[in-house]
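Down below is the structure, laid out as structure tokens.
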Amino acid sequence: MKYKVIFFNWLLPLLILLITTLLGIIFGSAGLVWQDFNSDIVLTLRLQRAAASAVVGSSLALAGLTLQAVLRNSLAEPFTLGISGGASVGAALAFVLELHLLSYYIVPAMAWIGALIMLAAVLLTGGRKGVENLLLSGVIAGTAASGVLMYLVSCADNDELAGVTWWMLGDLQAVDPVLLYPALAATLIACVVLHCFGRELNALALGSNVAWSIGVPPGFYTVFFIIIGSLLAAQTVALAGMIAFAGLIVPHLIRRFYGCDHRKIVIPAALWGGVFMQICDLLSRLLNPTRELPVGVLTAVVGGAMFLYVLNKSRESWR
850 MKYKVIFFNW
860 LLPLLILLIT
870 TLLGIIFGSA
880 GLVWQDFNSD
890 IVLTLRLQRA
900 AASAVVGSSL
910 ALAGLTLQAV
920 LRNSLAEPFT
930 LGISGGASVG
940 AALAFVLELH
950 LLSYYIVPAM
960 AWIGALIMLA
970 AVLLTGGRKG
980 VENLLLSGVI
990 AGTAASGVLM
1000 YLVSCADNDE
1010 LAGVTWWMLG
1020 DLQAVDPVLL
1030 YPALAATLIA
1040 CVVLHCFGRE
1050 LNALALGSNV
1060 AWSIGVPPGF
1070 YTVFFIIIGS
1080 LLAAQTVALA
1090 GMIAFAGLIV
1100 PHLIRRFYGC
1110 DHRKIVIPAA
1120 LWGGVFMQIC
1130 DLLSRLLNPT
1140 RELPVGVLTA
1150 VVGGAMFLYV
1160 LNKSRESWR
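Numbering-wise, this note's numbering comes out as the position in the sequence shown, counting from 1, plus 849.
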């Protein structure tokens, strides 16, 4: 039984992640033959892109899983709470003001600051007034962030306009390797930390009273986990722009097939999140070979449908 759990929870998603990585290397706008596997296209571009999609998917899945547990809200995720919008405003501000020229790490730092400010605003305005008000606050915050983004785009130079617009749609084509490797390290560290603190996540998911009763101070751990979730969401924006609903889809599927014990589902969530994003990235290249789709478009379409489904189910439970 133990080996079956290890296979189902760890080895199976890891194997599928390796398969989707290989498919991402093989398929693209230009086909590959086996002799090409030592070429720069594979080693520096496609492998890097596959790694970026895995990091982005894992980060968003972990962020969604964490925020849903802490806020006890099945619809909580970086996009619906406005965190991705706030991070996008921070990152876009760094580009428009040319702060990114000072250091590679200015963009993720500004994205994280924007994410934390937006999350604080959403929690202050709607966090104490029920699930519907929290979601409404997140939608309003996201809309406001979109307006600010449009203004910042209008201030961009013509040379930067196309790149900034494509980045806003969610793009994995030109991920900066200088940002990719720290993001990979941060995702691995966050995964280990969340796995080790699975008991605390379980306690918060059951409510403050339960958390206190088993010796888990809810105030400290709520802030602790929200910071981790916001950091994960912000780094995905810095890497690939705003990708919607990936943090909603994967955690729901994980809980359906693996249960709700965070001591057991954190690592599967990270692995399946990487698989999901790599599949979306592969489809974005294959659906229209002459002109790639931004991966954020695919996740928005699939995730939007799932959001409506989950919202319907949530309304039934509220009644």
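The beta carbon of each residue, even a glycine, is placed where N, CA and C say it ideally should be. Computed from a predicted structure; not experimentally measured.
Checking 8 angstroms against the spacing of the C-beta atoms, do Ala1101 and Gly1047 come in under that value? For the purposes of this step, residue 1101 is identified with residue 252 of the sequence shown, where counting begins at 1. For the purposes of this step, residue 1047 is identified with residue 198 of the sequence shown, where counting begins at 1. The residue asked about is misnamed: residue 1101 is His in this sequence, not Ala. No, they are not a contact pair.
In the structure shown, what three-state DSSP assignment does Cys1109 receive? Here residue 1109 refers to the residue found at position 260 of the sequence shown. Three-state result, Cys1109: coil.
DSSP three-state assignment for Ala1149, whether helix, strand or coil: Within the sequence shown, the letter at position 300 stands for residue 1149. Judged by DSSP in its simplified three-state form, Ala1149 adopts helix.
Taking Thr869 as the reference, which of Leu896, Asn858, Val854 has the closest Cα? As a first step, residue 869 must be located in the sequence shown, where it is residue number 20. Nearest of Leu896, Asn858, Val854 to Thr869, Cα basis: Leu896.
Do Ala1083 and Ala964 have their C-beta atoms within less than 8 angstroms of each other? Numbered from 1 along the sequence shown, position 234 holds the residue referred to as residue 1083. Numbered from 1 along the sequence shown, position 115 holds the residue referred to as residue 964. Taking 8 angstroms as the Cβ cut-off, Ala1083 and Ala964 qualify as a contacting pair.
Assuming Met1155 and Leu1097 make a contact with CB atoms under 8 angstroms, what is their CB distance in whole Å? Numbered from its first residue, the sequence shown carries residue 1155 at position 306. Numbered from its first residue, the sequence shown carries residue 1097 at position 248. Sure, about 6 angstroms apart at Cβ, within 8 angstroms.
Where Tyr1030 and Ala901 are concerned, what is the direct C-alpha to C-alpha distance, given to the nearest angstrom? Here residue 1030 refers to the residue found at position 181 of the sequence shown. Here residue 901 refers to the residue found at position 52 of the sequence shown. Whole-angstrom Cα-Cα distance: 9 angstroms.
Where does Glu1049 sit, in a helix, a strand or coil, going by DSSP? Counted from its first residue, the sequence shown places residue 1049 at position 200. Helix.
For Leu867, tell me which candidate among Val1124, Met1091, Gly1145 has the shortest Cα-Cα distance. Translated into positions along the sequence shown, residue 867 becomes position 18. Taking only the C-alpha atoms, the option nearest Leu867 is Val1124.
Can you give the Cα-Cα distance for Thr1148 and Ile1092, rounded to whole angstroms? Position 299 of the sequence shown, counted from the start, is the residue given in the question as residue 1148. Position 243 of the sequence shown, counted from the start, is the residue given in the question as residue 1092. It is roughly 7 angstroms from the alpha-carbon of Thr1148 to the alpha-carbon of Ile1092.
Around the Cβ of Phe1074, are there at least 16 other Cβ atoms within 10 angstroms (buried) or fewer (exposed)? Stepping through the sequence shown from its first residue, residue 1074 is reached at position 225. Around the Cβ of Phe1074, a 10 Å sphere holds 16 or more other Cβ atoms; the residue is buried.
Alpha carbons only, please: which of Val1041, Ala1060, Cys1129 is nearest the one belonging to Ala903? Reading the sequence shown from its first residue, position 54 is the one you call residue 903. Nearest C-alpha to Ala903: Cys1129.
Buried or exposed by the 16-neighbour rule on C-beta atoms within 10 Å, applied to Glu1207: What is shown of the chain runs 850 to 1168, which leaves residue 1207 out entirely.
Can you list, in chain order, the residues of its chain whose CB lies under 7 angstroms from that of Ser1079, leaving out five sequence neighbours each side? For the purposes of this step, residue 1079 is identified with residue 230 of the sequence shown, where counting begins at 1. These residues qualify, in order along the chain: Ile932, Trp961, Ala964, Leu965, Leu968.
So, does the region 1016-1026 touch the region 1134-1152, judging by three or more C-beta pairs under 8 angstroms? yes
Got a sec, what are the start and stop residues for the alpha helix (DSSP H) Leu861 sits in? Looking up residue 861 in the sequence shown gives position 12. Boundaries of the alpha helix (DSSP H) harbouring Leu861: 861-875, taken from the DSSP string.
Cβ separation of Gly1122 and Leu860, assumed to be a contact under 8 angstroms, to the nearest whole Å: Stepping through the sequence shown from its first residue, residue 1122 is reached at position 273. Stepping through the sequence shown from its first residue, residue 860 is reached at position 11. Gly1122 to Leu860, Cβ: 17 angstroms. No contact.
Below 6 angstroms CB to CB, which residues in the same chain sit around Gly939 once its five sequence neighbours on both sides are set aside? Counting from one through the sequence shown, the residue named residue 939 turns up at place 90. Once the five neighbours on either side are set aside, the close Cβ partners of Gly939 are Met959, Ala960, Ile962, Gly963.
What does the Cβ neighbour count give for Phe856, buried or exposed, with the cut at 16 atoms within 10 Å? For the purposes of this step, residue 856 is taken as residue 7 along the sequence shown, with counting starting at 1. Burial call: exposed.
With a cut-off of 8 angstroms, do at least 3 Cβ pairs link the region 1033-1053 to the region 1062-1074? yes
Give me the residue from Val1151, Pro1117, Arg1134, Val997 with the minimum Cα distance to Val945. Numbered from 1 along the sequence shown, position 96 holds the residue referred to as residue 945. Here the closest residue by C-alpha is Val997.
Within its chain, find whatever has a CB closer than 7 angstroms to the CB of Ala1087; leave out the 5 residues flanking it on each side and keep chain order. For the purposes of this step, residue 1087 is identified with residue 238 of the sequence shown, where counting begins at 1. Here the set comprises Ala940, Val956, Pro957, Ala960, Leu1028.
Residues of its chain near Pro1067, where Cβ-Cβ distance is below 7 angstroms and the 5 sequence neighbours each way are ignored: Here residue 1067 refers to the residue found at position 218 when the sequence shown is read from its first residue. So the list reads Leu1053, Ser1057, Ala1060, Trp1061, once near-sequence residues are dropped.
On the DSSP letters alone, give me the boundaries of the alpha helix (DSSP H) that Gly1068 sits inside. By 1-based counting over the sequence shown, the position of residue 1068 is 219. It spans 1067-1089 - the alpha helix (DSSP H) in which Gly1068 sits, taken as one unbroken run.
Pick from Cys1109, Val1115, Ala1023 that is closest to His1044, judged by C-alpha positions: For the purposes of this step, residue 1044 is identified with residue 195 of the sequence shown, where counting begins at 1. Among Cys1109, Val1115, Ala1023, the Cα nearest to that of His1044 belongs to Val1115.
Just to check my reading of the structure: Ser986 and Val971 have Cβ atoms closer than 8 angstroms, yes? What is that Cβ distance to the nearest angstrom? Within the sequence shown, numbered from 1, the residue matching residue 986 stands at position 137. Within the sequence shown, numbered from 1, the residue matching residue 971 stands at position 122. Contact holds; Cβ gap of about 5 angstroms.
Where the alpha helix (DSSP H) through Val945 begins and ends: As a first step, residue 945 must be located in the sequence shown, where it is residue number 96. Its alpha helix (DSSP H) spans residues 932-945.
Could you compute how far the alpha carbon of Asp1025 sits from the alpha carbon of Val1042? By 1-based counting over the sequence shown, the position of residue 1025 is 176. By 1-based counting over the sequence shown, the position of residue 1042 is 193. Roughly 26 angstroms between the two C-alpha positions.
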